[in-house]
Amino acid sequence: MRTLLRSLLLGLLMFAGVVAAQAIDPLPFKDHAEEVRFQSLTRELRCLVCQNENLADSNADLARDLRHEVFELMQQGKSDEEIKQYLVERYSDFVLYDPPVKSSTLLLWFGPLAILLAGAVVVVVTVRRRSRVVPATVADDKSTDEGDDW
Amino acid sequence: MSRLLPFFGFLLLVALFGFGIWWNTQHDQREVPSPLINKPAPAFVLPQLDDPTQTVSRDALLGKPYLINVFASWCVACGEEHPVLMADGKSIGVPIIGYNYKDAPDDAKAWLAQHGNPYDMVIVDQQGRTAIDFGVYGAPESFLVDGKGIIRYKRIGPLTPEVIEQELKPAIAALKKEAP
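Protein chains in written order, with the numbering used here: chain D, 76 to 225; chain A, 2 to 181.
See below:
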């Protein structure tokens with residue numbers, strides 16, 4: 076009786092474990108560190124089907140396939156860079172949420188900085204010009220503003 | 002003149018905005034450029050739909066250009082593309098290989114029996130593993146592969162009569178000119 080109860084309890088526990096794992100994605104990680112690495116890697120990769128979602132969050136069929144692919148490559152001992160490269164070879168830089176710096180992305184990377192610098196130049200030039208003009212107008216104002224209550 | 006400067010700035014922004022709208026009506030935002038163009042097609046060995054004991058490999062297909070058309074019975078856009086392939090498929094001048102993607106073979110057979118079979122051969126990738134090597138992310142997709150096994154053209158989304166006339170046929174003509 077006791078052994079029966081124990082095996083029943085054990086079975087229930089195992090079932091609970093399966094259900095909990097199923098809720099995320101049934102991937103057999105060997106330890107927590109591996110799972111953390113998997114999660115952070117798939118968060119940096121874009122789902123091709125629903126392009127505003129990353130691989131970690133997406134429910135799309137292809138995203139699931141690619142998660143399994145990433146997992147398998149991790150099992151083969153591939154580094155994060157190698158896994159990214161593997162996906163880029165197939166799906167182009169588009170899979171990366173962090174676009175690499177190269178000639179076609181120079182504008183993307185440095186455009187905002189260039190605009191900021193241009194703005195700074197405009198501000199400096201304007202301020203300089205005004206500081207040269209203002210004393211003259213102040214002097215002008217003095218002559219016309221005589222008798223003003225202010 | 003300097004008073005009008007903000008107005009010109011505004012006009013510039015309006016022009017930029019208009020350009021953005023125009024650009025997005027001309028381009029499919031979901032379209033991901035394939036890095037496989039002008040690269041060798043990935044090696045594959047896949048069973049045929051009619052007879053799963055017979056496999057087809059990339060190397061066995063070397064020598065003549067062909068078009069791989071990724072389809073599935075569950076794919077709505079494939080249903081839109083299908084009549085086009087039925088009508089124009091024979092006229093493009095290269096064999097069309099149906100690539101049955103993540104589909105139940107029985108469903109695929111029923112679908113082809115119902116709508117007609119425009120393919121010279123159908124290969125099956127039920128798991129979708131080889132499709133990852135091809136960079137497939139949605140059906141339908143089409144790949145034009147030349148006699149050396151190099152992918153020369155890719156179409157994401159359904160082939161339409163316009164796409165066939167304006168893109169696919171010129172690409173095939175270019176292939177034939179190279180290797181008569």
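By construction, the Cβ of each residue, glycine as well, lies at the ideal position given by its N, Cα and C atoms.
Buried or exposed, going by whether 16 or more other CB atoms sit within 10 Å of the CB of residue i?
i, result
"Asp132(D)", "exposed"
"Met87(A)", "exposed"
"Gly19(A)", "exposed"
"Ile190(D)", "exposed"
"Phe146(D)", "buried"
"Ser74(A)", "buried"
"Ser92(A)", "exposed"
"Gly90(A)", "buried"
"Asp108(A)", "exposed"
"Glu142(A)", "buried"
"Phe8(A)", "exposed"
"Thr117(D)", "buried"
"Asn101(A)", "buried"
"Leu141(D)", "buried"
"Pro175(D)", "exposed"
"Ala42(A)", "buried"
"Val208(D)", "exposed"
"Asn25(A)", "exposed"
"Val188(A)", "Given that chain A is displayed from residue 2 to residue 181, the structure contains no residue 188(A) and the question cannot be resolved."
"Ala140(A)", "buried"
"Ala138(D)", "buried"
"Val93(D)", "With a pLDDT of only 47 at Val93(D), under the threshold of 50, the placement of this residue in the model should not be trusted, and no figure is reported."
"Asp104(A)", "buried"
"Leu188(D)", "exposed"
"Asp51(A)", "exposed"
"Asp29(A)", "exposed"
List, in order along the chain, the chain D residues whose C-beta lies closer than 7 angstroms to that of residue i?
i, result
"Asp134(A)", "Arg165"
"Val77(A)", "Ordered by position in chain D, no residue passes the 7 angstroms Cβ test against Val77(A), which lies about 14 angstroms from the chain."
For a test of the three-state rule: what should DSSP assign to residue i, helix, strand or coil?
i, result
"Pro103(D)", "coil"
"Thr201(D)", "helix"
"Thr161(A)", "coil"
"Tyr154(A)", "strand"
"Ala98(D)", "Because the pLDDT of Ala98(D) is 43, which lies under 50, any placement of that residue in the model is unreliable, and the question is left without a value."
"Phe18(A)", "helix"
"Arg4(A)", "coil"
"Val124(D)", "coil"
"Glu142(A)", "strand"
"Leu129(D)", "Checking the sequence, you will find Asn at residue 129(D) rather than Leu. Residue state, collapsed to three classes: strand."
"Pro187(D)", "helix"
"Leu176(A)", "helix"
"Arg207(D)", "helix"
"Pro175(D)", "coil"
"Pro171(A)", "helix"
For residue i, return the contacting residues in chain A, with the cut-off set at a CB-CB distance below 9 angstroms.
i, result
"Asp136(D)", "Lys103 and Gly129"
Applying a beta-carbon distance threshold of less than 7 angstroms, which residues of chain A neighbour residue i?
i, result
"Glu144(D)", "Ile133"
For a contact meaning CB atoms closer than 8 angstroms, what does residue i contact in chain A?
i, result
"Phe169(D)", "Val33 and Pro34"
"Leu141(D)", "Ile133"
In chain D, what lies closer than 8 angstroms to residue i by C-beta?
i, result
"Tyr138(A)", "Leu123, Val124, Leu137 and Tyr166"
Please report whether the beta-carbon of residue i lies at a distance below 8 angstroms from any beta-carbon of chain B.
i, result
"Glu109(D)", "Although the question refers to chain B, the structure presented lacks it and instead comprises the protein chains D and A."
Exercise for the section: Would you check if there are 3 or more beta carbon pairs closer than 8 angstroms linking the stretch 76 to 89 of chain A to the stretch 115 to 130 of chain A? Expected result: yes
Exercise for the section: Count the C-beta pairs between the stretch 103 to 116 of chain D and the stretch 140 to 159 of chain D that are closer than 8 angstroms, then say yes if the count reaches three, no if not. Expected result: yes
Problem - Cβ contact (3+ pairs, closer than 8 angstroms) linking the stretch 127 to 142 of chain A and the stretch 6 to 20 of chain A - result: no
Problem - Inside the stretch 44 to 126 of chain A only - alpha helix (DSSP H) runs reaching at least 4 residues - result: 77 to 89 and 106 to 116
Handout entry: Those runs of the alpha helix (DSSP H) which lie wholly inside the stretch 140 to 169 of chain D and span at least 4 residues
Key = 155 to 166
Practice task
Taking 8 angstroms as the threshold, find out whether the stretch 23 to 37 of chain A comes into contact with the stretch 153 to 170 of chain D through three or more Cβ pairs.
Solution key: yes
Practice task
Determine contact between the stretch 143 to 150 of chain A and the stretch 56 to 65 of chain A, defined as no fewer than three beta-carbon pairs at a distance below 8 angstroms.
Solution key: yes
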